[in-house]
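If you're matching positions, the sequence shown starts at 109 in the working numbering and goes up one per residue.
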Amino acid sequence: SLILVDSYMISNLDIMKINAIAKTCVLLDEDRKLTTEIVICPHLLKFNVCKAENFLIGPKYTPVNIPEKYKRKIKKKNNTILVSMGSFDSKGVTLKIVQILKKLYDNKELNINTIVALGKTSPIIKKLRKALTGYNNRISLRIGKNQLYDLYNSSLLALGAPGLSQSERLLM
């Protein structure tokens with residue numbers, strides 16, 4: 109049997125424990141010090157510290173399955189920017205983008221609404237809610253992945269992190 113690991117919240121120690129009972133396939137977008145059976149990385153990265161029996165690297169190994177109802181669907185674009193730096197955004201990149209957008213709104217250099225999308229377990233949700241105080245009419249926050257494909261399809265511009273989300277945006 110093979111267990112697919114697709115979470116940045118799983119530690120290397122947890123992966124080692126899983127490896128003790130079954131083979132693992134890990135989706136990565138960075139070189140991590142771990143041992144696994146298969147590594148899938150949709151980006152052209154060089155792996156130096158990760159040890160695996162097989163490396164599947166490059167865009168053709170992107171494990172993205174976009175539901176048929178969203179594929180090649182031409183939809184009227186709303187006058188919005190979508191900011192989605194991944195479900196977790198542990199580095200807080202979303203906060204930095206929001207600070208820049210706030211300055212643009214304050215200086216009246218931006219006349220387009222913004223939607224910020226984050227996952228339910230992101231550690232920056234509280235900080236982000238605080239940062240958005242007073243900007244609720246310009247920047248809306250969506251928690252959870254519900255309707256993310258709709259947001260991709262309907263936004264004029266999508267700012268996002270590299271990773272599987274990038275592949276989803278490119279395939280939309």
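Note that CB positions come from ideal geometry on N, CA and C, so glycine has one too.
- In this structure, the CA atom of residue 165 is about 23 Å from the CA atom of residue 122.
- By a beta-carbon distance limit of 8 Å, residue 250 does not contact residue 220. Their separation comes to about 17 Å.
- DSSP places residue 140 outside both helix and strand once states are collapsed to three, so it counts as coil.
- Taking the Cα of residue 214 as reference, the smallest distance to any Cα among 193, 228, 246 is reached at 246.
- Proximity of the region 184-194 to the region 262-273 meets the contact definition, three or more beta-carbon pairs being nearer than 8 Å.
- In its chain, beyond the 5 residues on either side, 226, 230, 232 have a beta carbon closer than 7 Å to the beta carbon of residue 197.
- Linking residue 145 to residue 273 through their CA atoms gives a straight-line distance of about 24 Å.
- Of the residues 243, 133, 187, 173, the one whose Cα lies closest to the Cα of residue 162 is 133.
- The Cβ atoms of residue 120 and residue 136 lie no closer than 8 Å to each other.
- Counting of Cβ neighbours within 10 angstroms places residue 138 among the exposed residues, the total staying below 16.
- Cβ neighbours of residue 130 within its own chain (closer than 8 Å, five residues either side excluded): 109, 110, 111.
- Per DSSP, residue 237 is one residue of the alpha helix (DSSP H) stretching across 233-239.
- Within the model, the alpha-carbon separation for residue 206 versus residue 170 is close to 29 Å.
- Taking the Cβ atoms as the reference, residue 172 lies roughly 5 Å from residue 275, within the contact range of under 8 Å.
- Separation of the CB atoms of residue 248 and residue 186 is rounded to 12 Å, and the pair is thereby denied contact status at 8 Å.
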